[in-house]
Amino acid sequence: MNNIKGTINKKVAVLNFSNTYCKTRAEVLDSEIFHKFLSNFIDREKRKNTELFQFISRDLPEDKIVVEIARLFKLLTVLRIDEIKDQHPIFYKKVNDKKIFISFIERLYNAWRKLERYSIIYGKNMDAALETQFFINANTSFANLILRLYRTVEKNVLGKENVVFRQLVSGVNLGLVTTTPNYNLPKEYSYLKNIAIVQNVVLNPPFITYQKRNKRSGIFQETKENPILNLNLNEEEWVSMPLKVGDYLALVYFHVNYMALGTSLINLFEMPSQDEIENTTPDLIYVFGNPENKEKKDIKYFKDLTNDIYIGYSNSNDDIDYFGYMKKMLLTLHNLKKLAKNQLPVHGAMATLTFINDVKINVVIIGDSGAGKSETLEAFRVVAGDYLKDMVTIFDDMGTLVIEDNKLVGYGTEIGAFVRIDDLSNGYPYQQIDRSIFMNPHEEVNARMVIPISTYQDIMVGTKVDYVFQANNYEDKEGFRLITDINEAIEIFRNGYRMAKGTTNETGVVSSFFSNPFGPLQEKELTEKLLNKFFKFMYENKIEVGELRTKLGIKGQEKSGPEAAARKLFDYLMKGNNA
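Going by the working numbering, the sequence shown opens with residue 28, and the numbers climb by one from there.
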């Protein structure tokens, strides 16, 4: 088995610490990765014919610029400007123009820090705990090495020490310890075991990533032909990530070009230990970013009923460079398998609210993307203030309702949330910055962050449901209303109307079958039967059903709408439950 090779392009740098680990500044400057990085930087300046390029290239042969600049940096790690003067007059001429040379250093350093930087080590023949600690230390040492290199070169050009030292994340943003897979696969998928599996992840937040798209479009379609049979995947370009999607084991195989999407899953789903997956067959498999047939977006799923494995597939295309395609396919596969077991997947949010007098109330809010589910629950936390002792999120986006022991019970799928920054309360992203992965934060619409919010134990304990609401983000009416007629309730929940918020390619007020195009839409007939069964159970067992008007889709009420809905809900729950 070959581990993923080191690579660098305009966006991503992947450093294979198993093959090459730089311990000195000279080793960094001599490395293939640094030369490629410097070459990319100079090429960009050359295309623009900038003043900086003219300065860098002056008096140097064009085919030797990278080598010579790297040599100059090596000299500046040990010599001051005046010590270079006699031996290297051409270099002296460059560095003596301090203003532009310092600008060069700063721009080069910033270009490095703007890359998504990953390190990988292939673990073998070592205790896992020792291996991980070694890797953490290696990442820390590498970060310090890059900082020392930058500071030393700049100090020797300026001729004086820095006064302010900013301890920026200068090494890698995220590191992966990979190992040989120890799970079971049917023989037709055995080739996937050639791809190293992630054992541990080291994240240095905040991690800021940029994708080519900032919204998802279309519906995932089923294919009757297995899309991952006999794929020709270069094992040096792929990573396998094991995840728990609810109670299912998922194996996600992603191409190195989509490292940001694949690795961000660790903030969203629980990662199993190697002991947990040993000799286990996955429930879900997702192959994401296959570089063959790149002409147009190709994303689909297949139900391998023979092996009881649900399979997702995506090719490589600019249009799938968005985290929603990674997250939502996994949830679709999960939901399809749950439907086959006569359990009801819901697109919504659920939380356990514990009030100051220890009364616990479990609320489910259902709605499609942008309906205001999570925003209303977060507003509830603020509105309730000291009356609320605790709020535990069972699911933030997708969950499953199950009838167990004559109770309606909710289970989650994710330990994290993929939330819109623009709809959060002021300051919230900054409060959580030390745990977050940011995606396209520069976008005016649908800038996102991926953040852990729950524990796996909390989402999988099985939580009794007390209230079920449909999120209505488009009607300019106050608060919420209870729905006493079961047929009216089924119709409202089935239609799933909402004002599109720019998170997909939809516009205006749109309908989404049961607010869930991730499984229930594809299996309408089965879902319809389950809707009737579950709503009948809710009404027979006095579980209150209603409509919550979040107004999130109404211009100017993106923040006040969820707050008003949360206040009405808070008042009702306090009054009705002596909370």
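For glycine and all other residues, C-beta sits at the position ideal for the given N, C-alpha and C.
| query | result |
| --- | --- |
| Assuming residue 147 is part of the beta strand (DSSP E), what are its boundary residues? | 143 to 149 |
| Under DSSP, the beta strand (DSSP E) around residue 378 begins and ends at which residues? | 371 to 382 |
| Could you give the distance in angstroms between the alpha-carbon of residue 375 and the alpha-carbon of residue 79? | 52 Å |
| Between the region 295 to 311 and the region 206 to 214, are three or more C-beta pairs nearer than 8 Å? | yes |
| Kindly identify the DSSP beta-bridge partner or partners of residue 413. | None; residue 413 has no bridge partner. |
| Look at the alpha carbon of residue 140 and the alpha carbon of residue 579, and state the distance between them as a whole number of angstroms. | 36 Å |
| By the three-class DSSP mapping on this structure, what secondary structure does residue 607 have? | The structure shown does not extend to residue 607, since the chain is modelled only from 28 to 606, so the question has no answer here. |
| Within 10 Å of its beta-carbon, does residue 538 have 16 or more other beta-carbons around it, so buried, or fewer, so exposed? | exposed |
| Is it the case that the Cβ atoms of residue 335 and residue 487 are separated by a distance below 8 Å? | no |
| Under a Cβ-count criterion, where at least 16 other Cβ atoms within 10 Å of its own Cβ denotes burial, should residue 587 be classed as buried or exposed? | exposed |
| In whole angstroms, what is the alpha-carbon distance linking residue 500 and residue 236? | 29 Å |
| Counting Cβ pairs closer than 8 Å, one from the region 392 to 401 and one from the region 478 to 498, do we hit at least three? | yes |
| Quick check on residue 267: buried or exposed, where buried means 16 or more other Cβ atoms within 10 Å of its Cβ? | buried |
| Could you tell me the distance, in whole angstroms, from the CA atom of residue 70 to the CA atom of residue 84? | 11 Å |
| Ordered along the chain, which non-local residues of its own chain (more than five positions away) have a Cβ less than 8 Å from that of residue 581? | 500, 501, 503, 526 and 588 |
| To the nearest angstrom, how far is it from the Cα of residue 341 to the Cα of residue 60? | 29 Å |
| Does the beta-carbon of residue 549 have 16 or more other beta-carbons within 10 angstroms, so that it is buried, or is it exposed? | buried |
| What separation, rounded to the nearest whole angstrom, lies between the Cα atoms of residue 475 and residue 467? | 7 Å |
| What are the start and end residues of the alpha helix (DSSP H) that includes residue 437? | It is not in any alpha helix (DSSP H) - residue 437 instead sits in the beta strand (DSSP E) that spans 434 to 439. |
| Where do the N-terminal and C-terminal ends of the beta strand (DSSP E) with residue 331 fall, by residue? | 326 to 331 |
| For residue 422, count neighbouring C-beta atoms within 10 Å of its own C-beta (all shown protein chains included) and say buried if the count is 16 or more, exposed if not. | buried |
| Could you name the residues that DSSP lists as bridge partners for residue 265? | 282 |
| Alpha carbon to alpha carbon, how far is residue 490 from residue 258? | 41 Å |
| Taking one C-beta from the region 224 to 231 and one from the region 195 to 207 each time, how about it: are there three or more such pairs within less than 8 Å? | yes |
| Between residue 215 and the rest of its own chain, which residues show a CB-CB distance below 7 Å, the 5 nearest in sequence each way excluded? | 256 |
| Tell me the residue span of the beta strand (DSSP E) that contains residue 431. | 425 to 431 |
| Just the Cα atoms here: how many angstroms apart are residue 317 and residue 125? | 47 Å |
| What would DSSP say about residue 226, mapped onto helix, strand or coil? | strand |
| Could you pull the DSSP bridge partners for residue 311 from this structure? | 277 and 337 |
| State the DSSP-derived secondary structure class of residue 445, mapped to helix, strand or coil. | strand |
| How is the alpha helix (DSSP H) around residue 116 delimited, first residue to last? | 116 to 123 |
| Beta-carbon within less than 8 Å of residue 483's beta-carbon, same chain only, minus the 5 sequence neighbours each way: which residues are those? | 271, 297 and 442 |
| Per DSSP, residue 350 is paired with what? | According to DSSP, which records beta bridges pairwise, residue 350 is partnered with nothing at all. |
| Identify, in the order they occur along the chain, each residue of the same chain with its Cβ nearer than 6 Å to the Cβ of residue 42, setting aside the five sequence neighbours on each side. | 33 and 146 |
| Considering only their Cβ atoms, is the gap separating residue 573 from residue 520 smaller than 8 Å? | no |
| Take residue 344 and list the residues in its own chain whose beta-carbon comes closer than 6 Å to its own, dropping the five residues that flank it on each side. | 321 and 324 |
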